[in-house]
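K.L.:
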Amino acid sequence: MRQIVLNRPGEFLSRDIAVPQPGENQAIVRVHRIGVCGTDLHAFAGRQPYFEYPRVLGHELGVEIVAIPENQQGLVAGDHCALEPYLSCGSCTACRQGKTNCCTDLQVLGVHADGGMQPYITAPVHLLHKSTKLSLDQLALVETLGIGFHAVERAAFQEEESVLVIGAGPIGLSVIQFARAAGAHVRVLDVSPQRRQFVADLGIEVLSEPDDELADIVFDATGNKLSMEASLERVAPGGRLVFVGLILDKVAIDDPLFHRREVTLLASRNSANAFPRIVQMIEEGSIDTAPWITHRLELAAVPDEFPALPQQEGLIKAVIEVDSDDGSTG
Ligand SMILES: [Zn+2]
Ligand SMILES: [Zn+2]
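Pasting the structure below:
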């Protein structure tokens, strides 16, 4: 089969390798759809400092089971699944508390280990989440939606609380969707006119700059140092501030303001135990995936077309389709 490898910043290679063999309690799956996100774009640009090359990217995966050992979930060959890409150790303190996203030895497929930019991949059975209703596109979106799901869960939203989401990229968009699904009145702040228009078209109140109205819960989804520092000013007394986006830098907190308002500051990382619930919410229609996918490309075209993706007009989410030809073992 042919896999696409990010050989070093700015360079993808296509190479022939043998179809992988599953280990114990592992399934072999056919990759059909791969969502592209900021992590992949940063890795390509060489802006992920701790990233190791070469690496097969792809952590947002809609897959089909090819072979699987007998299992309690009743999964069988042919099932369509979202593949949860988080390999946690299961034995560290965080894992034992169910906070597998904070595992001290966390390996994310497509980031710390090779991911899905190949026709077949092996995966532990418990990381496969089946749906008979979702499309392969929707299954590939579950991981990215998990970021918003987990952030809203971290914030412990209560009825009547006001919510402000700063930054309307894909991460902000996933936060917006789960906050609305929880019943929140959501306002959004973004500096980009194009993104503001996108959010306004979804029927959401959107601001180009902060006003005087403070929010009980503020989510910063910008991954921008200045925005993260200024986001504290937008939190109402007694409120919560959730850093969803991250940066590889220090963030300064205005301590007198932090204390005066007695703000709770929360980080949110990936998701834990969220995939089954997200699949269910999309199935029920409480999460709408229609606005998400704005661009498509084929796996074989990644070396040629991926570099221009960040400049594409209106890009929210690009999805890579893995063609059946890529799967030939010859
Ligand atoms: Zn992602
Ligand atoms: Zn662990």
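Throughout, the numbering used here is defined as the position within the sequence shown, counted from one, plus 175. Just so it is clear, CB atoms sit at the ideal spot from N, CA and C, and this is done for glycine as well.
1. Of the choices A298, E480, P385, whose alpha-carbon is the least far from that of P195?
2. Which of helix, strand or coil does DSSP assign to H287?
3. According to DSSP, is V497 part of a helix, a strand, or is it coil?
4. Using a threshold of 9 angstroms, state whether the C-beta atoms of I495 and R190 are closer than that.
5. By the 10 Å Cβ neighbour count, where 16 or more other Cβ atoms means buried, how is R415 classified, buried or exposed?
6. Taking any heavy atom of ligand 2 as the mark, which residues have a C-beta closer than 5 angstroms to it, listed down the chain?
7. So, using beta-carbon positions, are A220 and P184 closer together than 9 angstroms?
8. Would DSSP call E384 helix, strand or coil?
9. Closest to S310 by C-alpha separation, out of L474, E473, I468, P482, would be which residue?
10. Give a single yes or no on whether E235 has its beta carbon closer than 8 angstroms to a heavy atom of ligand 1.
11. Tell me whether R415 sits in a helix, a strand or coil according to DSSP, three-state version.
12. Could you give the distance in angstroms between the alpha-carbon of V454 and the alpha-carbon of G460?
13. Can you give me the start and stop residues for the alpha helix (DSSP H) that E318 sits inside?
P.N.:
With the structure as the only source:
1. For the purposes of this step, residue 195 is taken as residue 20 along the sequence shown, with counting starting at 1. It is A298.
2. As a working note, residue 287 is residue 112 in the sequence shown. H287 falls in the coil class under three-state DSSP.
3. Here residue 497 is taken as the residue at index 322 of the sequence shown, counted from 1. Coil.
4. In the sequence shown, counting from the first residue as 1, residue 495 sits at position 320. In the sequence shown, counting from the first residue as 1, residue 190 sits at position 15. Their beta carbons are not under 9 angstroms apart, which means I495 does not touch R190 by this criterion.
5. Counting from 1 along the sequence shown, the entry for residue 415 is found at position 240. Its Cβ being crowded by 16 or more others within 10 Å, R415 is buried.
6. Going along the chain, the residues that qualify are S263, C264, C267, C270, C278.
7. Within the sequence shown, the letter at position 45 stands for residue 220. Within the sequence shown, the letter at position 9 stands for residue 184. In contact: A220 and P184 (Cβ atoms closer than 9 angstroms).
8. As a first step, residue 384 is located in the sequence shown; it is residue number 209 there, counting from the start. Looking at E384 - three-state DSSP - the assignment turns out to be coil, as it is neither helix nor strand.
9. The count along the sequence shown starts at 1 and reaches residue 310 at position 135. Selected option, being the one with the closest Cα: I468.
10. As a working mapping, residue 235 is identified with position 60 in the sequence shown. Yes, Cβ of E235 sits closer than 8 angstroms to a heavy atom of ligand 1.
11. As a position in the sequence shown, residue 415 is number 240, starting the count at 1. DSSP places R415 in strand when its eight states are reduced to three.
12. Within the sequence shown, the letter at position 279 stands for residue 454. Within the sequence shown, the letter at position 285 stands for residue 460. Going from the Cα of V454 to the Cα of G460 covers about 10 angstroms.
13. Numbered from its first residue, the sequence shown carries residue 318 at position 143. Start and end: 311-330.
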